[in-house]
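Take a look at the structure set out below.
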Amino acid sequence: MTTQQLQQRIEKLQAQLAALGPIHPGSLSQQYNVCGNPTCRCKDPKRPRKHGPYYQLSYTWRGRSTTRFVRPHEVAALRAKLAAYKRLRQLTTAWVDAAIALQQLERKAAQRAS
Ligand SMILES: [Zn+2]
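In terms of the working numbering, the sequence shown opens at residue 179 and continues consecutively.
Encoded structure:
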């Protein structure tokens, strides 16, 4: 890629980053549980049907791991934030890739000029 192409790529990445919207790190998992009631459907000997799904959000930030339950009505909005966070990381990585490539091109150009 040329210097100009890399600069255009970076500008596009910056615009995509600015348009991201709400973010949150982590991943969602589903859990199914059994309760303490011995006659409950979750203890049915033939066809046990566990309770759930219960949604759990897990993430590590600044070296601290957090896991918490997520209410069903929060799941959709949270999924969107998790997807946006993944996109943020992809865009940031692509920007750094382009920045390193640009620096190398600029260094070569400076060496040719001297
Ligand atoms: Zn039960």
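For glycine and all other residues, C-beta sits at the position ideal for the given N, C-alpha and C.
For clarity, every value in this text was computed on a predicted model and none was experimentally measured.
Going by Cα to Cα distance, which pick from Glu284, Gln281, Ser243 is closest to Gly204?
Gly204 has its Cα closest to that of Ser243, out of Glu284, Gln281, Ser243.
Whether or not the segment 197 to 213 and the segment 275 to 289 are in contact is what I'm after, with contact meaning three or more pairs of Cβ atoms, one per stretch, closer than 8 Å; do they touch?
These segments do not touch.
Are Asn211 and Lys228 closer than 8 Å when you measure CB to CB?
Yes, Cβ-Cβ distance for Asn211 and Lys228 is below 8 Å.
Tell me where the alpha helix (DSSP H) around Val253 begins and ends.
Looking at the DSSP string, the run of the alpha helix (DSSP H) that includes Val253 is 253 to 291.
Arg225 Cβ short of 7 Å to ligand 1 heavy atom set:
No; taking the cut-off as 7 Å, the Cβ of Arg225 has no heavy atom of ligand 1 nearer than that.
Report yes if the C-beta distance between Ala262 and Gly199 is below 8 Å; otherwise report no.
Result yes, Cβ atoms of Ala262 and Gly199 sit closer than 8 Å.
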